[in-house]
Amino acid sequence: YGRLGGGDPARPGRPTPPTRPARPAPRRVATRGRTPITLGLIAVNVVVYLLQSADPSLTYRYGLLPLAVEAGQYERLLTSTFLHGGLLHLAFNMLALYIVGAPLERVLGTGRYLTIYLASALGGSLLAMLLSPPDTLGVGASGAVFGLSAR
Numbered sequence: 014y015g016r017l018g019g020g021d022p023a024r025p026g027r028p029t030p031p032t033r034p035a036r037p038a039p040r041r042v043a044t045r046g047r048t049p050i051t052l053g054l055i056a057v058n059v060v061v062y063l064l065q066s067a068d069p070s071l072t073y074r075y076g077l078l079p080l081a082v083e084a085g086q087y088e089r090l091l092t093s094t095f096l097h098g099g100l101l102h103l104a105f106n107m108l109a110l111y112i113v114g115a116p117l118e119r120v121l122g123t124g125r126y127l128t129i130y131l132a133s134a135l136g137g138s139l140l141a142m143l144l145s146p147p148d149t150l151g152v153g154a155s156g157a158v159f160g161l162s163a164r
């Protein structure tokens, strides 16, 4: 079949076109419209706000207070991101989280998205500690949302 021994038996004298190995199907990261982490984070923030409204001392026990963090209460770096200063503060943060977070979660997938959210929350708290007076109480998810938007 052809001069070089290989070829197309249906068309003598013409070499067989090279065959390509089959490509594996692309791995889909997208969650097909579902955003469980974004909606879960919004739900957690709303529930914590309701608890915070019922017991205002939660703000002082878990808010970002640089003096307390320096004294070893490191959990405040993350707990403060679920507390809010008022209903309007909560509403704007959650609206921004949904607008920025939902499409990003669809693209990155839940694991990567949650990792970036928590790292942004931690980074935002550390920056707030660095820039705030040591006796100032801080709350809010703004640092986490901003970290998502910078992605």
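If you count the sequence shown from 1, position 101 lands on 114 in my numbering, and the numbers rise without skipping.
For glycine and all other residues, C-beta sits at the position ideal for the given N, C-alpha and C.
- The segment 144-154 makes contact with the segment 100-117; the number of CB pairs closer than 8 Å reaches 3 or more.
- The count of Cβ pairs closer than 8 Å, one atom from the segment 134-142 and one from the segment 79-95, reaches three, so the stretches are in contact.
- Scanning its chain for C-beta atoms nearer than 8 Å, with the 5 sequence neighbours on each side dropped, one finds around Tyr130 the residues Ile50, Leu54, Gly114, Ala157, Gly160, Leu161, in chain order.
- Linking Leu100 to Tyr111 through their CA atoms gives a straight-line distance of about 16 Å.
- Inclusion of Leu64 and Leu150 in the CB contact set at 9 Å is not warranted, their separation being larger than that value.
- According to the DSSP secondary-structure assignment, Gly151 is paired through a beta bridge with Leu77.
- Annotation: the continuous alpha helix (DSSP H) that includes Gln65 extends over 49-67.
- Within 10 angstroms of the beta-carbon of Ala35 lie fewer than 16 other beta-carbons, which makes it exposed.
- Here Gly98 is not near Arg89, since their CB atoms are 9 Å or more apart.
- As for any alpha helix (DSSP H) of minimum length 4 sitting wholly inside the segment 75-142, the runs are 79-83, 89-92, 100-121, ordered along the chain.
- By the Cβ-count criterion, Tyr62 is buried, with 16 or more other Cβ atoms from all chains shown falling within 10 Å of its own Cβ.
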